[in-house]
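So the protein lines, in turn, are chains A and B.
The first sequence begins at 136 in our numbering and counts up one residue at a time.
The second sequence begins at 136 in our numbering and counts up one residue at a time.
The structure appears below as structure tokens.
Protein chains: 2
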Amino acid sequence: MITIYDIARVTGYSPTTVSKVFNNYSDVSAKTRGKILDTAKEMGYMPNSHARTLMTKKSWTIGILFNESSGVGIRHPFFGGVLDSVKKTAEAEGYDLMFISDNIGGKTASYLEHCRFRSVDGVIVMLADRGDEGLQNLLKSDIPCVLLDFDDERPGCVSSDSIDGCYLALKHLHDLGHRRIAHISGGGDTFVGQQRRLGYEQGLRRLGLAADERLIVPGGPFFSVEGGRQAMLELLDLPQPPTAVLAAGDNLALGAIRALEERNLEAPRDMSIVGFDDIEAASLVRPALTTIRQDVGHMGARAARMLIGAIESEDMPPAAVLPVELIVRESCRRL
Amino acid sequence: MITIYDIARVTGYSPTTVSKVFNNYSDVSAKTRGKILDTAKEMGYMPNSHARTLMTKKSWTIGILFNESSGVGIRHPFFGGVLDSVKKTAEAEGYDLMFISDNIGGKTASYLEHCRFRSVDGVIVMLADRGDEGLQNLLKSDIPCVLLDFDDERPGCVSSDSIDGCYLALKHLHDLGHRRIAHISGGGDTFVGQQRRLGYEQGLRRLGLAADERLIVPGGPFFSVEGGRQAMLELLDLPQPPTAVLAAGDNLALGAIRALEERNLEAPRDMSIVGFDDIEAASLVRPALTTIRQDVGHMGARAARMLIGAIESEDMPPAAVLPVELIVRESCRRL
DNA sequence: ACGTTAGCCGAAACCCATTTCGAAAAAAAG
DNA sequence: CTTTTTTTCGAAATGGGTTTCGGCTAACGT
């Protein structure tokens, strides 16, 4: 490996001067600069990030944290999209991404310890288990953290506008003549689960529709197809079933459609369904799912920019709630 | 930040001794060990990975490389699954994951330079563009690299058994009475695209079926739904269309089904379809897709273990070709 | 001709750990 | 009670950079 000492030796200057060249110090003459730069390129010099970090306390590394306890993890298509845009945005600003886990060298460690060990400049929490003590300790630390779908007021949180999304969905159904609209809710302990349920309730009120407790059925903690199936079955067994369903996630909606098929019913003929997320499968399925699209690309980019802002200004920007969009496809019909 | 010097000061021992404790040197008495360990825990000591790496030349970091030029990237569900298992396996062995990009500090750099800059111990190339010169230079370097779906003979390559997968699919169709089976092929410059086409051709021969050049239609470079749709349309326009299609990817298969719908045809009634990959949507779609499942979890774990083996033994294990599995669902019928 | 000033450059300290090797102390051998 | 061996410890060098601060030279002003 070529070091600044090698370049110093070859050019006849001191390591100090070589270092200064790469750090754009002004007290180096143009001639010296040129000679050092030339030989550096010639010798294939590449700085050593570890040595640099050791000195500057800045690693140019952003930690990516998945609180895996929920068991969902990176697999969910939502995260692939977010991660992709986080990566692109961060890289453009000179930061690299590293996964933060709960162990170091194969031995259990806290997230905070891991962050300190690797001296990451900040962390993006993509999937947060609100009850996790390790996560809470990290948030209490001085390490800047941006969280996805964790809160809509706490500084450093980025979320999609679930409230508005639910309203858009309900409005759409209402416009189609539906008045009895059920909700298959997501995991009650997740922020989006809570938020979408809240959005459903507020949306009903705003549209002047009566609320009916029995029309809210939990679809299990994991936003899974199977959970949606079960919930739809319950709804169909109601004395007075709904004519439409707003599911808290596309997988739940897909499960609901599955349940309909089992009962020899069909969407949208017998039941209108709206999902949430717009995962890839939503447009592939028949009937194609009408759903609320989260802009994952925007979300990742925003999270990355927020974090970098916090890292470089020592001040965490306020929470961002991103707009969502109604994607009308085939799973709803006019009554 | 607490350093070994702080602990040395407090305990009265030298930094050397403190370091030795954490590195399990035998020349430290049990008493000393205990005292140092205690105060370390008390003070919340956490080693600094950068200082350590600087000295030992080992970063305990594995680079993850997506050759994004193809435009697919992390978004594809396949990678989410692989990445997940790579992460779990690597972490269990004490390695962390960092993404390798083609820039450093916001300025363009080669993959190799990035790897040296961060001194990663090895790299897993998840999506390789065979023509990329930067990638080739990385492979020529002394940094251990494991590649997914890149080759099936080169040491350090992990791939699913496309040949066998195609045979399984063809055999299934053959068993159902199909004799005229088409192939919608994937990007010709990708390894899996080539391999699956080869598997199709060999499979036909093995089953004693006649090959017909016109039955092989390229589905475009990106394994996309739209590409599959176009290809199916072409097949339908053939004077003598096939009765079944083996698509080189599930998305292609899904696109093919879409094309059938447009012509008021239906799978499996009018055309049997087999996909490849078993992405999430495959089981969600109607008709649910009969497909060849790649074990992404196994693939990631294998890749990680192979790389770590190479890192720690200086010797790259031979290529691994992983078995695949036929998943029979609803998209094929008996003729 | 002399004091100022600005422009360039480098010595040395520092960041935090690892590792070698020698020395001191303690234990074992004689 | 020496001598030898074993334990236990630490000084110092090392890794590759950054940053402060002081020194030297050349140009400038008068």
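We treat Cβ as the ideally placed atom computed from N, Cα and C, and that holds for glycine.
Cβ pair residue i, residue j closer than 9 Å
i	j	result
SER220 (chain B)	VAL456 (chain B)	no
THR325 (chain B)	ASP284 (chain B)	yes
LEU344 (chain A)	ILE316 (chain A)	yes
ARG364 (chain A)	GLY328 (chain A)	no
ARG421 (chain A)	GLU396 (chain B)	yes
SER466 (chain B)	ILE408 (chain B)	yes
PHE411 (chain A)	GLY384 (chain A)	yes
VAL293 (chain B)	LEU282 (chain B)	yes
ILE209 (chain B)	TYR180 (chain B)	no
ILE462 (chain A)	PHE213 (chain A)	no
PRO452 (chain B)	GLY291 (chain B)	yes
SER184 (chain B)	SER254 (chain A)	yes
ARG464 (chain A)	THR426 (chain A)	yes
ASP267 (chain B)	ALA454 (chain B)	no
GLU226 (chain A)	GLY321 (chain B)	no
ALA436 (chain A)	LYS223 (chain A)	yes
For residue i, the nearest candidate out of the options (CA to CA)
i	options	result
ARG144 (chain B)	B:ASN158, B:ARG315, B:LYS170, B:SER161	B:LYS170
ASN158 (chain A)	A:ARG187, A:LYS166, A:ILE137	A:ARG187
ALA445 (chain B)	B:GLN337, B:VAL380, B:ILE278, B:SER466	B:ILE278
ALA423 (chain A)	A:MET181, A:TYR302, A:ASN386	A:ASN386
ALA346 (chain B)	B:LEU172, B:ASP372, B:PRO377, B:THR151	B:PRO377
LEU381 (chain A)	A:GLN375, A:HIS433, A:LYS306	A:LYS306
GLY300 (chain A)	A:LEU333, A:GLU449, A:PRO353, A:GLY355	A:LEU333
THR167 (chain A)	A:ILE142, A:MET181, A:GLY179	A:ILE142
GLY323 (chain A)	A:LEU262, A:ASP286, A:PHE357	A:PHE357
ASP256 (chain B)	B:ALA263, B:LYS222, B:PRO290, B:SER194	B:SER194
PRO403 (chain A)	A:ALA439, A:HIS313, A:GLU361	A:HIS313
ALA438 (chain B)	B:VAL156, B:LEU308, B:VAL258	B:VAL258
ALA379 (chain A)	A:ARG393, A:GLY215, A:LEU308, A:ALA263	A:LEU308
ARG428 (chain A)	A:ILE392, A:GLN337, A:ASP162, A:SER297	A:SER297
Alpha-carbon to alpha-carbon, residue j and residue i
i	j	result
THR196 (chain A)	LEU339 (chain A)	45 Å
PHE442 (chain A)	CYS280 (chain A)	Note on identity: in this sequence residue 442 (chain A) is Leu, with Phe being the wrong assignment. C-alpha separation (whole angstroms): 7 Å.
TYR160 (chain B)	THR191 (chain B)	16 Å
GLU288 (chain B)	ASP237 (chain B)	27 Å
MET484 (chain B)	TYR246 (chain A)	This structure gives no information on residue 484 (chain B), because the portion of chain B shown stretches from 136 to 470.
ILE351 (chain B)	TYR335 (chain B)	9 Å
LEU419 (chain B)	ALA366 (chain A)	17 Å
ILE239 (chain A)	SER164 (chain B)	26 Å
THR151 (chain B)	GLU177 (chain B)	19 Å
LEU218 (chain A)	ASP430 (chain A)	13 Å
ARG349 (chain B)	GLN375 (chain B)	10 Å
ALA416 (chain B)	ILE199 (chain A)	27 Å
PRO353 (chain B)	ASP372 (chain B)	15 Å
ASP310 (chain A)	ASP405 (chain A)	17 Å
GLU460 (chain B)	MET434 (chain B)	13 Å
PHE201 (chain A)	GLU369 (chain B)	44 Å
ARG398 (chain A)	GLU361 (chain A)	15 Å
GLY215 (chain A)	MET261 (chain B)	14 Å
LYS155 (chain A)	ASP162 (chain B)	42 Å
ARG265 (chain A)	VAL153 (chain A)	48 Å
GLU401 (chain B)	ARG393 (chain B)	9 Å
ASP173 (chain B)	SER149 (chain B)	16 Å
HIS211 (chain B)	ALA263 (chain B)	14 Å
LEU189 (chain A)	PRO182 (chain A)	13 Å
ARG440 (chain A)	GLY147 (chain A)	42 Å
ASP450 (chain A)	GLY269 (chain A)	23 Å
Query - Three CB pairs or more closer than 8 Å across the stretch 271-278 of chain A and the stretch 240-258 of chain A - result: Contact annotation: the stretch 271-278 of chain A touches the stretch 240-258 of chain A, with at least three C-beta pairs closer than 8 Å.
- Task: Write down every uninterrupted run of the beta strand (DSSP E) in the stretch 322-388 of chain A whose length is 3 residues or greater and which is fully enclosed by it, in chain order.
- Result: Annotation: the stretch 322-388 of chain A contains the following complete segments of the beta strand (DSSP E) (minimum length 3 residues), in chain order: 351-353, 379-382.
Requested in this report: Assess, as a yes-or-no matter, whether the stretch 227-234 of chain A is touched by the stretch 221-236 of chain B under the definition of 3 or more beta carbon pairs within less than 8 Å.
Outcome: In short, these stretches touch, since the Cβ pair count reaches three.
Can you list the beta strand (DSSP E) stretches of 3 or more residues lying completely in the stretch 276-327 of chain B, in chain order?
Listed in chain order, the complete beta strand (DSSP E) runs (minimum 3 residues) inside the stretch 276-327 of chain B are 280-283, 292-295, 316-320.
What alpha helix (DSSP H) runs, 4 residues minimum, are completely inside the stretch 186-242 of chain B?
Runs of the alpha helix (DSSP H) lying entirely within the stretch 186-242 of chain B and spanning at least 4 residues, in chain order: 212-227.
**Item:** Complete runs of the alpha helix (DSSP H) confined to the stretch 155-179 of chain B [at least 4 residues]
**Value:** You should have 165-178.
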